[in-house]
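S.K.: Protein chains in written order, with the numbering used here: chain C, 1 to 441; chain Y, 1 to 337.
We put the CB at the ideal spot given by N, CA and C, even for glycine.
Here the structure is a predicted model, which means the values were calculated and not measured.
I have a structure I would like to understand better, so I am pasting it below and will then ask my questions one at a time.
Encoded structure:
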């Protein structure tokens, strides 16, 4: 009698071979899977070996952490205080001494709390807006885009701008406020018919009047002129103003360029092609070197304001083309569907087309923002000191001059820029993942 | 009606960025209460902000001295850092009152650009720096050398002229930025580093081992640096010119910020300078104690020189041609009488 061996239980799974799991498996699969991979891996490792130890050595191992002037970063043979033969790395005390200047520029010391408040309010109101789960988005956005810019302007400049135009300006403002009040009251009294268009005009007038009064009010704060601003403050002011203002202008231009109205299309095309056709440096130069010659003698615009306008228009042209790319990716059916529902042009754009188009071009938009952020360094050539300009200006200080000073300064500037740009990039990826609706690969 | 009002409000809102000016610079300055001074974006010893953002330097002292003459307060100055390219536009457009930014006095600038140079506060000239171990003691021994310099500046042209004149061969290695030039020189990519002599001393601080380098004695170009004002405003021009002269005169007469009070009772010349006698300040359109304020608050030329670029500073520049005419230099000021 032959007894067949029948297995009644499955044998336990065997562990996968060592070459397929854990670190070894990962390395085999991702780094050494073919000869080409092996070569690339070795090459990459060699490049890392060339760069990383040097940077670490300079920035950390050999760095000098405490000191009171440039002599602490200089060898004794060179007239300094560091032992001869000791390698000298980054001169961090120099960054420490100059840190507040890198942040605020030459903003007066006793007034810097105003910058702090402006930055603090900005961060506190921006973060909830960036986190999708926090409610009150609309109110938050209205505050951030409608109120905050004026709050910052008043805080940073000290307010008290404009009433210098005399009693007439003031009178005009009062009249606008009065008329606006009458228009809004009119509805309840019903004495005259007030059209909704008129109401919008009155609302805009009242808003302008309030802004004008708010900017012109003397808050008793010291008047800090923009040439005193500098460092990260200028970088952020230029970048954020450019980003926030260029986005809506860019959308309008993109819609204009795809419009079927010939004048709107022509104007948009001319605008976009003009601003894309000139380098940003030229724009800045024109605004700072040529513009003063065209104006009557003694009449001058604030230099920072000129730069802000130039940067905004310039990046709006690029933004328009990015957005247009998104619009072109939306199929005709979406437009037709929206029209079939009886939506107006703006409803169609706001509810159907733009939400899809903008989502598609998030990488392009953020790319433009990052580019703009880094382009702010160009303002140095018109005599404004952004972060990099402030760092470079500090190299000339004889007190802190040492062979390592400029290297340290550039390293610091690079780190700050990287943190901001990397932050933007990560947030854009987060938004892409959040908004993907079946388009994802 | 409402639309009209709106446009008025709009116009007023736009108008706040613009401001108007009048004819005389001195009157304007007095009215606004400060001197707007165009300076460099940072040049050691000449105009340079420190870690707290305070400006100092030889060029800055000229602006402070003018403010002292006008207001009796050397702090009533606002500084506008300017790049080399935009400095003249800033002056021409009235954005600044004085340009004190290591600017060389040349015929073109004095005439065609509509500017007036109000004197010379530093006589500069292009020089050479070499490594000591090269064993060179004169620029005439530099045959076959490689020369590091900035692109597109007069220094490059001066080098070409000088080497051709002396029938020497050379090779130019030019860079865009001053920082790159000195790094290349320090890394041994060239034998010679050339720029204005004052710049040589300032850049030397960035070398790995400054003591191994020497500045050769030859100066191959004339670079008289001084404050600049707009042409056609003689009153302001006179004031800036005599501010510079007053500092030089004060040095020559031995008047310093320390002894200026006792000098008020000194020689007749001292009394004239310090406004005890005569009406020299009134004629300039400022108070008679103008020069007293300059010396008291800023110091005489020697004090300014030694404080900013002199032998005791990191730059360590000797007086050389910038010594008084009576001490072998060429700093000379007409008398106040």
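Among the candidates Y:298, Y:107, Y:275, Y:121, whose CA atom is the shortest distance from the CA of residue 287 (chain Y)?
M.R.: Nearest option by C-alpha distance: Y:275.
S.K.: Output yes if chain Y places a C-beta closer than 7 Å to the C-beta of residue 206 (chain C); else output no.
M.R.: No, its Cβ sits nowhere closer than 7 Å to a Cβ of chain Y.
S.K.: Quick check: residue 196 (chain Y) and residue 126 (chain Y), are their CB atoms within less than 7 Å of each other?
M.R.: Against a cut-off of 7 Å, the Cβ pair of residue 126 (chain Y) and residue 196 (chain Y) comes out as a contact.
S.K.: In whole angstroms, what separates the C-alpha of residue 94 (chain Y) from that of residue 63 (chain Y)?
M.R.: Between residue 94 (chain Y) and residue 63 (chain Y), the C-alpha separation is close to 16 Å.
S.K.: Do the region 241 to 258 of chain Y and the region 295 to 304 of chain Y touch if we need at least three Cβ pairs shorter than 8 Å?
M.R.: Judged by Cβ distances under 8 Å, the region 241 to 258 of chain Y makes contact with the region 295 to 304 of chain Y, as three or more pairs qualify.
S.K.: Thinking residue 106 (chain Y) and residue 39 (chain Y) are a contact (beta carbons under 8 Å), I'd like their distance in whole angstroms, please.
M.R.: Their Cβ separation, rounded to whole angstroms, is 20 Å, which puts residue 106 (chain Y) and residue 39 (chain Y) out of contact at 8 Å.
S.K.: I need the straight-line Cα distance from residue 205 (chain C) to residue 425 (chain C), nearest angstrom please.
M.R.: Approximately 39 Å between the Cα atoms of the pair.
S.K.: For residue 316 (chain Y), which option in Y:192, Y:83, Y:199 has the closest C-alpha, if you only look at C-alpha atoms?
M.R.: With distances taken between Cα atoms, residue 316 (chain Y) lies closest to Y:199.
S.K.: Return helix, strand or coil for residue 402 (chain C), following the three-state DSSP convention.
M.R.: Looking at residue 402 (chain C) - three-state DSSP - the assignment turns out to be coil, as it is neither helix nor strand.
S.K.: Using a Cβ-Cβ cut-off of 7 Å (strictly less than) and excluding sequence neighbours within five positions of residue 310 (chain C), which residues of its own chain qualify?
M.R.: 283, 284, 287.
S.K.: If we count the other Cβ atoms within 10 Å of its Cβ and call it buried at 16 or more, is residue 46 (chain C) buried or exposed?
M.R.: The residue is exposed, with fewer than 16 neighbouring Cβ atoms inside 10 Å.
S.K.: Ignore the nearest five residues each way along the sequence and tell me which others in residue 134 (chain C)'s own chain have a CB closer than 7 Å to its CB.
M.R.: Excluding residues within five positions, the ones whose Cβ falls inside 7 Å are 128.
S.K.: Using the Cα positions of residue 7 (chain C) and residue 14 (chain C), report the straight-line distance between them to the nearest angstrom.
M.R.: Distance between the alpha carbons of residue 7 (chain C) and residue 14 (chain C) is about 17 Å.
S.K.: Is the Cβ of residue 98 (chain C) closer than 7 Å to any Cβ of chain Y?
M.R.: Answer yes: the Cβ-Cβ gap between residue 98 (chain C) and chain Y drops below 7 Å somewhere.
S.K.: Pick from Y:41, Y:220, Y:205: whose alpha carbon is nearest that of residue 100 (chain Y)?
M.R.: Taking only the C-alpha atoms, the option nearest residue 100 (chain Y) is Y:41.
S.K.: With DSSP collapsed to three states, give me the class of residue 252 (chain C).
M.R.: Note: residue 252 (chain C) maps to helix in three-state DSSP.
S.K.: Using Cβ-Cβ distances below 8 Å, what residues of the region 387 to 401 of chain C are close to chain Y?
M.R.: Residues 389, 392, 393, 394, 395, 396, 397, 398, 399, 400, 401.
S.K.: In angstroms, rounded to a whole number, what distance separates the CA positions of residue 322 (chain Y) and residue 310 (chain Y)?
M.R.: Their Cα atoms are separated by approximately 11 Å.
S.K.: For the beta strand (DSSP E) containing residue 38 (chain Y), name the first residue and the last one.
M.R.: Looking at the DSSP string, the run of the beta strand (DSSP E) that includes residue 38 (chain Y) is 35 to 39.
S.K.: Name, please, each residue of chain C whose Cβ falls closer than 8 Å to the Cβ of residue 206 (chain Y).
M.R.: The answer, in chain order, is 395, 401, 402, 403, 405, 406.
S.K.: In chain Y, what lies closer than 9 Å to residue 78 (chain C) by C-beta?
M.R.: What residue 78 (chain C) touches in chain Y: 207, 208, 209, 210, 211, 212.
S.K.: Kindly list the residues whose CB is nearer than 7 Å to the CB of residue 169 (chain Y), restricted to its own chain and excluding five residues on each side of it in sequence; keep chain order.
M.R.: Closer than 7 Å at the Cβ level, and outside the excluded window around residue 169 (chain Y), lie 143, 144.
S.K.: What did DSSP end up calling residue 46 (chain Y) once you bin it into helix, strand or coil?
M.R.: Three-state result, residue 46 (chain Y): coil.
S.K.: Start and end of the beta strand (DSSP E) containing residue 115 (chain Y)?
M.R.: From DSSP, the beta strand (DSSP E) with residue 115 (chain Y) extends over 115 to 117.
S.K.: Is the separation between the beta-carbon of residue 221 (chain Y) and that of residue 158 (chain Y) shorter than 7 Å?
M.R.: Yes. Within cutoff.
S.K.: Quick test of the definition: if touching needs 3 or more C-beta pairs under 8 Å, does the region 243 to 258 of chain C touch the region 380 to 387 of chain C?
M.R.: No, they do not touch.
S.K.: Does the Cβ of residue 223 (chain Y) have 16 or more other Cβ atoms within 10 Å, making it buried, or fewer, making it exposed?
M.R.: Burial call: buried.
S.K.: Whole angstroms are fine: how far does the CA of residue 255 (chain C) sit from the CA of residue 317 (chain C)?
M.R.: So the two alpha carbons sit approximately 12 Å from each other.
S.K.: Measure the C-alpha to C-alpha separation of residue 85 (chain Y) and residue 220 (chain C) and round it to an integer number of angstroms.
M.R.: Taking the straight line from one Cα to the other gives about 37 Å.
S.K.: Starting from residue 223 (chain Y), follow its DSSP beta bridges and name the residues at the other end.
M.R.: Its beta-bridge partners are Y:124.
S.K.: Using alpha carbons as the reference points, say which of C:399, C:268, C:394 lies closest to residue 407 (chain C).
M.R.: Nearest C-alpha to residue 407 (chain C): C:394.
S.K.: Distance, Cα to Cα, residue 24 (chain C) vs residue 31 (chain C)?
M.R.: Distance between the alpha carbons of residue 24 (chain C) and residue 31 (chain C) is about 10 Å.
S.K.: So, are the CB atoms of residue 103 (chain C) and residue 231 (chain C) less than 7 Å apart?
M.R.: Taking 7 Å as the Cβ cut-off, residue 103 (chain C) and residue 231 (chain C) qualify as a contacting pair.
S.K.: Taking residue 87 (chain Y) as part of the beta strand (DSSP E), name the residues at either end of that continuous run.
M.R.: From DSSP, residue 87 (chain Y) is part of no beta strand (DSSP E) but of the alpha helix (DSSP H) over 87 to 92.
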